[in-house]
Amino acid sequence: MSSFEETLPHLEGRTAVVTGGNSGIGFETAVALAKKGAYTVLACRDPKRAEGALEELRRRAPGSKAEALPLDLADLASVEAFARLLAERTERLDVLINNAGIMGLPKSATKDGFESHLGTNHVGHFVLSLRLLPLLERAPGGRVVTVSSVTHARATIDPDDFDFDRGYSAAAAYARSKLANLLFAYELERRLRRAGLRTLSMACHPGVAATQITKSTSLARLAPWLADILVWGNAVVAQPAHMGAWPSLYAALAPIPGGSYVGPSKLFGTRGVPAVTRSSKRSYDESLAARLWDATETRTGLRFDAVAAEVAGARAEAR
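Structure (C-alpha cells):
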C-alpha cells in the first residue's frame, strides 16, 4: 500500500461502486477501497473480465468484501437493472465513482440512440447517479465522483447537437464527453444543494496514467493527434494506474467541499499526489450546464426533481 493510500480512512461498513472497475484506474480504485474495508462493487460490462478482475482484487486485498455486477452504460435498461440489483444488495451507498469511459470510436450510437461517447460517458452516468441517489442519501456524507480528463479543456459542446450530427470526430467526441462530465458534476452539486439533500458531487481527473484506454487502435486511426499526445505522455510522464486512481480516492474520501475538482499536483497536473484544482472556464458555465442537464433529462425522461421528491418522501416516512 502506498504512503498516500495509507492516509485513507478505514471504510468498514461503507459501500462503494466503481464503474469500469475491471481494469486500469477503475480497478486500482476498487482495490484501494477494498483494502480499506469497503464493500466494493465492480460495475462492469464484460462478465468474464469482471470475474478475472474480482479474482485479482481478492488476491491483492485478502479478506475483502467485493463483488462484480453487470452494467453496460451504453444501454439504459442495463443501468436501470443495475440500480435495482444494487438496492437488493445494500441498504446504502457511500461512494459512487463514475469512472468508466470509452474513447476513439467511429461515429456510432448506443442502444438508446445516443452518440456513443456522450451516451456512454455522460448519459449512462447521469442516469446511474440519479437512480442511485436514494441509496446515496441513506449514507451520511454520500458522494458521487465523476472522472473527467484534461482533454476537456479544449472541448466545446452544443446541447442542441446532442448526437454530434455536425462535424463529427472521435477526438472531439471524447473531449466533449469529458466536458459533459464536468458540467454534469457541478450542476448535480448545485441541484443537490437547492433540494436540501446531503449527497455531495465531486469531479476529478487522473492526470496522465498508463491505462488500456490510451492504447486503443481505433483511437490511433481516428484521432492521431490525441493518440500521439497519450503515447508521448505514457513514455515521458505517465504514472502507474494506481497513482491515477489517487484523485478519485481523494475526491471520494477527503474532507473537501462539494463541487471540488481534484487532480495530480505535480508536473502541470500530470502526476503526483492529488489536490483540489480548477477545470476549464467553460466547465463552470452554469447556463451551459443547465442546458445540457435539461437536454439530458428530456432525452432520458428522468427528472432530478422527481428523484429528489422521492428521496424527501422516504426521509419523511422514516421519521
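Sequential numbering of the sequence shown, starting at 166, is according to the numbering used here.
Ideal Cβ placement from N, Cα and C applies to all residues, glycine included.
Item	Value
Presumed contact (8 Å Cβ cut-off) between residue 262 and residue 183, rounded CB distance	5 Å
Cβ-based burial, residue 361 [other Cβ within 10 Å; buried from 16]	exposed
Segment limits, beta strand (DSSP E) that includes residue 232	231 to 235
Per-residue burial, residue 237 [other beta carbons within 10 Å of its own, 16 or more giving buried]	buried
Beta-carbon spacing of residue 304, residue 258 below 8 Å	yes
Residue 338, DSSP secondary structure in three states	helix
Cα-Cα separation between residue 355 and residue 244, rounded to whole angstroms	24 Å
CA-to-CA distance, residue 313 to residue 461, given in whole angstroms	18 Å
Member of 330, 412, 455, 427 whose CA lies at the smallest distance from the CA of residue 352	455
Sequence-distant residues of its chain with Cβ nearer than 6 Å to residue 378 (five each side left out)	In this prediction, residue 378 has a pLDDT of 49, which is less than 50 and means its spatial position is unreliable; nothing more can be read from the coordinates.
N- and C-terminal bounds of the alpha helix (DSSP H) containing residue 265	First-last for residue 265: undefined, no H or E at that position.
Residue 294, buried or exposed, once every other Cβ within 10 Å from all chains shown has been counted against 16	buried
From 288, 213, 411, residue whose alpha carbon lies closest to that of residue 341	288
Residue 448: first and last residue of the uninterrupted beta strand (DSSP E) it sits in	Element bounds for residue 448: n/a, residue is neither H nor E.
Sequence-distant residues of the same chain with beta carbon closer than 7 Å to residue 176, five excluded per side	198, 201, 202, 203
CA-to-CA distance, residue 328 to residue 443, given in whole angstroms	28 Å
Spatially closest choice to residue 345 from 168, 459, 448, by CA coordinates	448
Check: residue 330 C-beta below 7 Å from any heavy atom of the ligand GDP	The ligand GDP is not part of this structure, which contains no ligands at all.
Closest Cα partner of residue 409 within the set 172, 425, 188, 181	188
Cutoff 7 Å; reference residue 434; Cβ partners in own chain excluding five residues on either side	A caution first: residue 434 carries a pLDDT of 46, below 50, which makes its placement in the model too unreliable to give a value.
Span separating the alpha-carbon of residue 248 from that of residue 464	19 Å
Neighbourhood of residue 473 by C-beta, 7 Å cutoff - its chain only, sequence neighbours within 5 removed	360, 362
Span of the alpha helix (DSSP H), counted from its first residue to its last, around residue 197	189 to 200
Test item: CB-CB of residue 185 and residue 274 under 8 Å	no
Residue ranges of each beta strand (DSSP E) within the segment 267 to 332, 3 or longer	308 to 312
Other residues of its chain near residue 468: CB distance less than 7 Å, five sequence neighbours each side excluded	462
Inter-residue CB distance, residue 335 and residue 445 (contact presumed, cutoff 8 Å)	Going by Cβ atoms, the distance from residue 335 to residue 445 rounds to 20 Å, so no, they are not a contact pair.
Contacting residues, own chain, Cβ-Cβ under 8 Å from residue 211 (five flanking each side not counted)	187
Secondary structure of residue 217, DSSP reduced to three states	helix
Selection from 178, 232, 298 that minimises the alpha carbon distance to residue 471	298
Residue burial classification, residue 343 (beta-carbon count within 10 angstroms, cutoff 16)	buried
Extent of the continuous beta strand (DSSP E) to which residue 366 belongs	365 to 369
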